[in-house]
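Residue numbering for the sequence shown follows the working numbering, starting at 310 and increasing by one per position.
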Amino acid sequence: MNLTGNRIFVTIVYTSGELLVETFRGEYRDLKCLIQDRLYSEEFGQCGGMGKCGTCLVEISGLTGEAASLKRNEATTLDRLASCRPEVRLACQVPVDSSLSNLFVKILSDH
Ligand code: FES
310 MNLTGNRIFV TIVYTSGELL VETFRGEYRD LKCLIQDRLY SEEFGQCGGM
360 GKCGTCLVEI SGLTGEAASL KRNEATTLDR LASCRPEVRL ACQVPVDSSL
410 SNLFVKILSD H
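Quick look at the structure:
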């Protein structure tokens with residue numbers, strides 16, 4: 310299986326540093342899963358990706374395509390958290406695909 314064309318590089322920025330992650334399309338269901346696996350404990354994203362808890366807040370600039378639009382409960386949860394900036398997203402609602410390539414993802418929910 311040739312994954313070269315599907316390689317995705319994304320930089321995760323957190324409180325005490327940053328981590329360049331290499332992944333590929335299909336390795337992770339969403340950005341929350343990637344962050345939990347590569348960097349954080351289970352406390353990141355406590356509702357398991359339902360888009361309700363708001364513990365997976367991230368800031369991403371430059372998303373395009375389908376990844377740029379809010380999904381499921383995301384608008385309601387972001388509104389409840391008083392986040393009206395378009396670059397603030399729920400990691401559990403952001404797919405891991407080529408639109409993340411070479412972007413920086415800043416974790417806003419620290420646990
Ligand atoms: S995991 Fe709960 S809102 Fe994303």
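No residue lacks a Cβ here, since even glycine has one placed at the ideal position from N, Cα and C.
Here the structure is a predicted model, which means the values were calculated and not measured.
Excluding the 5 residues flanking it on each side, lysine 415 has same chain C-beta neighbours closer than 7 Å at Val322, Val367 and Glu368, in chain order.
The beta carbon of threonine 364 sits closer than 8 Å to those of Glu352, Phe353, Gly354, Gln355, Cys356, Ser418 and His420, all from its chain and outside the five residues before and after it, given in chain order. By the Cβ test, the region 333 to 340 is not in contact with the region 382 to 392, since fewer than three Cβ pairs between them sit closer than 8 Å. For lysine 380, the shortest C-beta to heavy atom distance toward the ligand FES is 7 Å or greater. As for any beta strand (DSSP E) of minimum length 3 sitting wholly inside the region 363 to 400, the runs are 366 to 369 and 397 to 399, ordered along the chain. When DSSP reads this structure, threonine 320 sits in a beta bridge with Leu329 and Phe413. The alpha-carbon of glycine 374 is positioned some 15 Å away from that of asparagine 411.
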